[in-house]
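Visitor: Quick one: the structure is below, questions incoming.
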Amino acid sequence: MTNSSPGFAESLSRENIPPVNINSEFKYINSKDIIKAFKSLDMKKTADLHAKYSALLEPVVNALQSIALDVVKASQHVKRILQLLKSHRDNPERVTDEIIKDATVVAEKVGLEEDITSMPRIVGKQRHRSNHPAESPS
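In this text, residue positions in the sequence shown follow the numbering used here: the first is 380, and each later residue adds one.
Right under this line is the structure:
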């Protein structure tokens, strides 16, 4: 037997759902912390990678959307893209070296004084994670 009156629903929710203190759910967030978090996301690098792989897929998309659909040509593009992605996954060091080389060229053009391939910074005291060995810049 079900009772669909609002009083019955309210009594069920009061019995089964604990009260929430709204003041305890919100925390003061400093604007500097927000800016630091957004900078750490490195959206430019993510957008560059997205653009790179989207450019790889563009011929396939164009072939599949064309009026004279050439399935063989689209299939060949897909096979080449899969081979390229597999080679990127199998050789991450080579891909990383290419990215660092490109970043170095851009840094030189902009005139950055810092060497982007320098040793990573090591913090003397970290409580939530350990310092990784820093024999190489990567």
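Glycine included, C-beta positions come from ideal geometry on N, C-alpha and C. All values derive from a computational prediction rather than experimental measurement.
Examine the Cβ distances between the region 449-469 and the region 479-490 and report whether three or more of them are shorter than 8 Å.
Guide: As far as the Cβ criterion goes, the region 449-469 does not touch the region 479-490, which means the pair count is below three.
Visitor: Compare the Cα-Cα distances from S433 to each of V457, E477, S445, I446 and report the closest residue.
Guide: Nearest of V457, E477, S445, I446 to S433, Cα basis: V457.
Visitor: Only counting the same chain, and skipping five residues up and downstream in sequence, which positions put a Cβ closer than 7 Å to that of F405?
Guide: A caution first: F405 carries a pLDDT of 48, below 50, which makes its placement in the model too unreliable to give a value.
Visitor: I'd like to know whether the C-beta atoms of L443 and I460 end up nearer to each other than 8 Å.
Guide: It is not a contact, given that the beta carbons lie outside the stated cut-off.
Visitor: With distances taken Cα to Cα, identify the nearest neighbour of L428 among G490, V489, H467.
Guide: The residue with the shortest Cα to Cα distance from L428 is H467.
Visitor: Please report the distance separating the alpha-carbon of L463 from that of V474.
Guide: Cα to Cα, L463 sits roughly 11 Å from V474.
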